[in-house]
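I have placed the structure first, in the form of structure tokens, so that the comments after it can refer back to it.
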Amino acid sequence: MATTFPLGAHVDSADPVTAARERGAGLSQFFLGNPQSYKGPEFEYAGGAETLRADAEAAGVDLYVHAPYLINVATTNNRIRIPSRKLLQQFIDAGASIGAKGLIVHGGHVDKSEEVEKGFDNWRKAIEATDLKIPLLLENTAGGDNAMARTLERIARTWDAIGQAEGSDNVGFCLDTCHAHAGGIPLATAVEQIRSITGRIDLVHCNDSRDEFDSGADRHTNLGEGLIDADELAGAVRAAGSPVVIETRGGLEGQRADLDWLRERL
32 MATTFPLGAH
42 VDSADPVTAA
52 RERGAGLSQF
62 FLGNPQSYKG
72 PEFEYAGGAE
82 TLRADAEAAG
92 VDLYVHAPYL
102 INVATTNNRI
112 RIPSRKLLQQ
122 FIDAGASIGA
132 KGLIVHGGHV
142 DKSEEVEKGF
152 DNWRKAIEAT
162 DLKIPLLLEN
172 TAGGDNAMAR
182 TLERIARTWD
192 AIGQAEGSDN
202 VGFCLDTCHA
212 HAGGIPLATA
222 VEQIRSITGR
232 IDLVHCNDSR
242 DEFDSGADRH
252 TNLGEGLIDA
262 DELAGAVRAA
272 GSPVVIETRG
282 GLEGQRADLD
292 WLRERL
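Taking this note's numbering, the leading residue of the sequence shown gets 32, the next gets one more, and so forth.
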């Protein structure tokens, strides 16, 4: 059965258009630079941002950008929060320049010595301070007792805080299946529960998990090879009805196999 929403994969940024074609996919997600660096966006695509935008539009390929992992706008540590806000704006601007459908960012966390409430309010402040030229998609995370987006309760409080900010209508949600499983959110009801909080799911990261339910371990594995029930994994994707990105290993062949696995179950 053909899906009514595009499927794709996290790929190298050098040529996400060709990568989508090779996978028979309708979208590509990628980093714009080193995800473990505070350096700003870098365009590897031949011809730069304008050419990438034009080529993707001509090919009918949707583009999504994943923000650097180091971004943490929730923390009270100025040496992290201030550059995080700067990076957030830089990557929003870069995503807009290529016509990206969204910028995915992790929820971040506060340190053990910090009050969790400050993290929620720092999210509000970050949204108010950012010119959201494209949708910013908040992604649930797998671990951390002080994480802003691991549990349903924390997601709800973060979302409530964001909702108080001007510009919050351009904030969406990215559901990661591995993170939900590892974070203790049952996939059988995850979509319904997340939607009851956010009213929306804009993107799904469909990944299997190497670790047990509620383990707190962010360890993706190929679809059907991990510890998430196959029917629940496919069921969550169907229930969300949103564009899907797989973030699995194995290069082109591994991701082709995963996309085929998913298509067969949708």
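Backbone N, C-alpha and C define an ideal beta-carbon position, used for all residues, glycine too.
Taking residue 94 as the reference, give the member of 162, 63, 201 with the closest Cα. 63
Taking the straight line between their C-alpha atoms, what separation do you get for residue 32 and residue 150? With a pLDDT of only 45 at residue 32, under the threshold of 50, the placement of this residue in the model should not be trusted; the figure read from the coordinates follows. Their backbone Cα atoms lie some 43 Å apart in a straight line.
Three-way DSSP call (helix, strand, coil) for residue 44 in this model: coil
Near residue 61, what residues of its chain come up, given a Cβ to Cβ distance below 6 Å and the 5 sequence neighbours on each side ignored? Around residue 61: 42, 44, 47.
Closest to residue 118 by CA distance: which of 67, 88, 75 is it? 67
Are residue 78 and residue 59 closer than 7 Å when you measure CB to CB? For residue 78 and residue 59, no; Cβs fall outside 7 Å.
If you run the structure through DSSP and keep just helix, strand and coil, what is residue 252? For residue 252, the secondary structure class from DSSP, reduced to helix, strand or coil, is strand.
Using the rule of at least 16 other Cβ atoms within 10 Å of the residue's Cβ for burial, across every protein chain shown, is residue 143 buried or exposed? exposed
Give the DSSP-derived three-state secondary structure of residue 174 in the structure shown. coil
Hey, residue 242 and residue 231: beta-carbon distance below 7 Å or not? no
Tell me where the alpha helix (DSSP H) around residue 122 begins and ends. 109 to 128
First and last residue of the beta strand (DSSP E) that includes residue 60? 58 to 61
Residue 151, enclosing alpha helix (DSSP H) - first and last residue: 147 to 160
Leaving out five residues on either side along the sequence, give the residues of the same chain with a beta carbon under 7 Å from the beta carbon of residue 158. 193, 196, 198, 199, 202
Starting from residue 205, follow its DSSP beta bridges and name the residues at the other end. DSSP, once it has assigned bridges, lists 170, 234 as partnering residue 205.
Per DSSP, what kind of secondary structure is residue 39 in: helix, strand or coil? strand
Could you tell me if residue 65 is buried or exposed, where buried requires 16 or more neighbouring beta carbons within 10 angstroms of its beta carbon? Answer is exposed; the Cβ neighbour count stays below 16.
Can you list, in chain order, the residues of its chain with a C-beta nearer than 7 Å to that of residue 73? Leave out the 5 residues immediately preceding and following it. Correct list, in chain order: 63, 64.
Can you give me the C-alpha to C-alpha distance between residue 289 and residue 252, rounded to a whole angstrom? 10 Å
Using CA coordinates, which residue listed in 177, 233, 145 is at the minimum distance from residue 170? 233
Per DSSP, what kind of secondary structure is residue 277 in: helix, strand or coil? Strand, per DSSP.
Spatially closest choice to residue 279 from 98, 173, 209, 182, by CA coordinates: 209
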